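Protein chains: 2
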Amino acid sequence: MIDVVLCVPSCDGPIRKAFEVTGVTPAVATTGRLNEVVALEPADGFAGAVINAAGFPFTEAMNLCRQLRHRDRPVSPIILLLDHYQLDDLTFREDLFDDFVVGPFDVSEVATRLRHRLRRAGNETVAARVEHGGLAMNLETYQATIAGRVMDLTYMEYELLRFLATNPYRVFTRETLLSRVWGYEYYGGARTVDVHVRRLRAKLGEEYAHLIQTVRSVGYRFGAPTEGEPDED
Amino acid sequence: MIDVVLCVPSCDGPIRKAFEVTGVTPAVATTGRLNEVVALEPADGFAGAVINAAGFPFTEAMNLCRQLRHRDRPVSPIILLLDHYQLDDLTFREDLFDDFVVGPFDVSEVATRLRHRLRRAGNETVAARVEHGGLAMNLETYQATIAGRVMDLTYMEYELLRFLATNPYRVFTRETLLSRVWGYEYYGGARTVDVHVRRLRAKLGEEYAHLIQTVRSVGYRFGAPTEGEPDED
DNA sequence: GTCACGTTTCACACGCGGTTAACACAACAC
DNA sequence: GTGTTGTGTTAACCGCGTGTGAAACGTGAC
Numbered sequence: 002m003i004d005v006v007l008c009v010p011s012c013d014g015p016i017r018k019a020f021e022v023t024g025v026t027p028a029v030a031t032t033g034r035l036n037e038v039v040a041l042e043p044a045d046g047f048a049g050a051v052i053n054a055a056g057f058p059f060t061e062a063m064n065l066c067r068q069l070r071h072r073d074r075p076v077s078p079i080i081l082l083l084d085h086y087q088l089d090d091l092t093f094r095e096d097l098f099d100d101f102v103v104g105p106f107d108v109s110e111v112a113t114r115l116r117h118r119l120r121r122a123g124n125e126t127v128a129a130r131v132e133h134g135g136l137a138m139n140l141e142t143y144q145a146t147i148a149g150r151v152m153d154l155t156y157m158e159y160e161l162l163r164f165l166a167t168n169p170y171r172v173f174t175r176e177t178l179l180s181r182v183w184g185y186e187y188y189g190g191a192r193t194v195d196v197h198v199r200r201l202r203a204k205l206g207e208e209y210a211h212l213i214q215t216v217r218s219v220g221y222r223f224g225a226p227t228e229g230e231p232d233e234d
Numbered sequence: 002m003i004d005v006v007l008c009v010p011s012c013d014g015p016i017r018k019a020f021e022v023t024g025v026t027p028a029v030a031t032t033g034r035l036n037e038v039v040a041l042e043p044a045d046g047f048a049g050a051v052i053n054a055a056g057f058p059f060t061e062a063m064n065l066c067r068q069l070r071h072r073d074r075p076v077s078p079i080i081l082l083l084d085h086y087q088l089d090d091l092t093f094r095e096d097l098f099d100d101f102v103v104g105p106f107d108v109s110e111v112a113t114r115l116r117h118r119l120r121r122a123g124n125e126t127v128a129a130r131v132e133h134g135g136l137a138m139n140l141e142t143y144q145a146t147i148a149g150r151v152m153d154l155t156y157m158e159y160e161l162l163r164f165l166a167t168n169p170y171r172v173f174t175r176e177t178l179l180s181r182v183w184g185y186e187y188y189g190g191a192r193t194v195d196v197h198v199r200r201l202r203a204k205l206g207e208e209y210a211h212l213i214q215t216v217r218s219v220g221y222r223f224g225a226p227t228e229g230e231p232d233e234d
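Chains as they are written, first to last, in the working numbering: chain A, 2 to 234; chain B, 2 to 234.
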């Protein structure tokens, strides 16, 4: 399940970065009309809203807030992005929003406020994930699933798979894998990589074992082989 | 009736101005000790607290927040004043404060946040209850039950379990747990975490001991292992 | 076919890392 | 004072993850 946060009227620069850092997906409503918002809404509703009142007529932004609040399915939390001169306009409108940020917008601050409000609203912020060809890895829970089935991976197996999955289709030599995943310089045990690849393939199961491919005389590559990829090596 | 807001450890410059603009009276606690705070408290309690974590040891500020929250008469809202570099330290501490301001402090912004939180106070309820996989924790009465059976937890046990249970499925390193639950900054005794986990598991009982899982070479995770975590689609 | 070279697979031993118990010490009650 | 309870430290124990060597297997060259 992915948290979708409404973003009006645009989502670029530091705002987009903040969304990425927080791990939530923005749904951008450029006009800020309610019907546009409704059209964007996922089945389980928005996890919140970020409204940039700096790049938007202020009264319209406030109207949108009111509409989002008074709907049959209220959107919460609502975070406003403001210019400094707009601060006074917030007086007596405190109930229309839950937090605000004053420009120029700093990525860390926006992300922190987003996370703060989401967690206080009871939402679990979505963790950073890696997904590819039926494999899903949650980097915060240290869990991996293949085709929905939970894989019971050891530490090194997880680290190796994570490295490969975050760099799909690229071929890595055993030496590269040793230095990047294990962290030390090649001591002479290149077989170590082979063995871990073998164990990973076993745990991936017969159907998905080929997600890790052997490139003879070179090394290993991760990726669904059916899907073409404009890779160079 | 005059609203008195606790102010730690000082109240000068833009902060004092913000208080003046908002029309609330500051009660300055220079040390930030709880007994000093209690001595300053008016008969009808504080209307809120502003804690300058920029001019104050951060962990002490966090401890004060926790104490103010867990008192028989909790102080709310709590607003933190921070340096930009302290933003990351707020992660997983979202329940300890209600708002924050990043320095250099602007009078209008501080005043607006103060006003905002004071007006919203009462409308906002921090989730006073955590439930997960047979475990229920009442954050107000400091009681925990597992499968309906009351658990007799000590302070540290309770704090650790609360932290884990409010962040289910996420893996935490011992260092993270030490800094977030204990508040330490030193990494000398990581075994401390192990021992407390062991004691918690013992009190959870054999059937529920596995609610806290060991992630080898990484740390610990809370959550019912049989139920899939809420990330699969 | 044979041979050479690279990869897969297996079995096994070492040691890291977690568990566990016992102890030390401080805080507090009586 | 003594006893109790909570908390952190130390060290012994041990399971299992991990790396290694060697044998089995596959592949391409000739």
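Each residue gets a CB set at the ideal place from its N, CA and C atoms; glycine is no exception.
Predicted model only: the values in this text are computed from it and were never measured.
Residue i versus residue j - alpha carbon distance
i	j	result
residue 180 of chain B	residue 218 of chain A	47 angstroms
residue 145 of chain B	residue 156 of chain B	12 angstroms
residue 46 of chain B	residue 74 of chain B	8 angstroms
residue 76 of chain B	residue 11 of chain B	18 angstroms
residue 282 of chain B	residue 109 of chain A	Absent from the structure is residue 282 of chain B, since the part of chain B shown begins at 2 and ends at 234.
residue 102 of chain B	residue 52 of chain B	10 angstroms
residue 151 of chain A	residue 226 of chain B	10 angstroms
residue 133 of chain B	residue 224 of chain B	7 angstroms
residue 154 of chain A	residue 18 of chain A	31 angstroms
residue 87 of chain B	residue 202 of chain A	43 angstroms
residue 209 of chain A	residue 222 of chain A	14 angstroms
residue 13 of chain B	residue 216 of chain B	48 angstroms
residue 163 of chain B	residue 211 of chain A	42 angstroms
Environment of residue i [buried if 16+ CB atoms lie within 10 Å]
i	result
residue 113 of chain B	buried
residue 142 of chain B	exposed
residue 235 of chain A	Beyond the ends of chain A as shown, which are 2 and 234, falls residue 235 of chain A; an answer cannot be given.
residue 196 of chain A	exposed
residue 240 of chain B	Absent from the structure is residue 240 of chain B, since the part of chain B shown begins at 2 and ends at 234.
residue 139 of chain B	exposed
residue 160 of chain B	buried
residue 25 of chain B	buried
residue 198 of chain B	buried
residue 118 of chain A	buried
residue 93 of chain A	exposed
Test: residue i CB closer than 9 angstroms to a CB of chain A
i	result
residue 117 of chain B	yes
residue 21 of chain B	no
residue 1 of chain B	Because chain B spans 2 through 234 in this model, residue 1 of chain B falls outside it and cannot be assessed.
residue 103 of chain B	yes
residue 158 of chain B	no
residue 110 of chain B	yes
residue 150 of chain B	no
residue 172 of chain B	yes
Backbone secondary structure at residue i - three-state DSSP
i	result
residue 56 of chain B	helix
residue 43 of chain A	coil
residue 160 of chain B	helix
residue 195 of chain A	helix
residue 50 of chain B	strand
residue 129 of chain B	coil
residue 167 of chain A	helix
residue 234 of chain A	Low confidence applies to residue 234 of chain A: its pLDDT is 35, below 50, so where it sits in the model is not reliable enough to give any reading.
residue 7 of chain B	strand
residue 220 of chain B	strand
Cβ of residue i within 9 angstroms of any chain B Cβ
i	result
residue 209 of chain A	no
residue 163 of chain A	no
residue 13 of chain A	no
residue 228 of chain A	With a pLDDT of 46 at residue 228 of chain A, under the threshold of 50, the modelled position of this residue cannot be trusted; read the value that follows with caution. Answer no: the Cβ-Cβ gap between residue 228 of chain A and chain B never drops below 9 angstroms.
Heavy atom of the ligand PLP within 8 angstroms of residue i beta-carbon
i	result
residue 162 of chain A	Summarising the ligand content, the structure contains no ligands, and the ligand PLP is consequently not present.
task: Could you list the residues in the stretch 64–92 of chain B with a C-beta less than 8 angstroms from some C-beta on chain A, going in chain order?
output: 85, 88, 89, 91, 92
query: What residues in the stretch 122–144 of chain A bring their beta carbon closer than 8 angstroms to a beta carbon of chain B?
result: 123, 125, 127, 128, 130, 137, 139, 141, 142, 143, 144
- request: Check distances from the C-beta atoms of the stretch 174–202 of chain A to those of chain B and list, in chain order, the residues that come in under 8 angstroms.
  value: Taking 8 angstroms as the Cβ-Cβ cut-off against chain B, none of the residues of the stretch 174–202 of chain A qualify.
- prompt: Looking at chain A, which residues of the stretch 20–44 of chain B have a Cβ within less than 7 angstroms of any of its Cβ atoms?
  reply: none
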